[in-house]
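Residue 24 in full-length UniProt numbering sits at position 24 of the sequence shown, with consecutive numbering throughout.
Reviewing the structure listed below.
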Amino acid sequence: MIDTMANYQLAIQNTKEAIKRAQAAGNTHEADFLTHRTLPRLEKLLGETRMLQD
């Protein structure tokens, strides 16, 4: 379970960095997709994993 949480945390960190790169490149579609679709899903999965751990 800890490995799964670490993987989700890394994926969230990588997604946030990808959002910054997309914004810097002016790729608003990609930044919006990552911000409003990908990141919330990863955060939800991380939260569910944390709840299962408790």
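Beta carbons are placed, not taken as given, at the ideal position from N, Cα and C, and that holds for glycine.
query: Cβ pair Leu46, Thr15 closer than 8 angstroms; result: no
query: Within 8 angstroms, strictly: CB atoms of Ala31 and Ile19; result: yes
query: Spatially closest choice to Gln13 from Thr35, His29, Asn27, by CA coordinates; result: Thr35
query: Sequence-distant residues of its chain with Cβ nearer than 7 angstroms to Leu42 (five each side left out); result: Tyr8, Ala11, Ile12, Thr15
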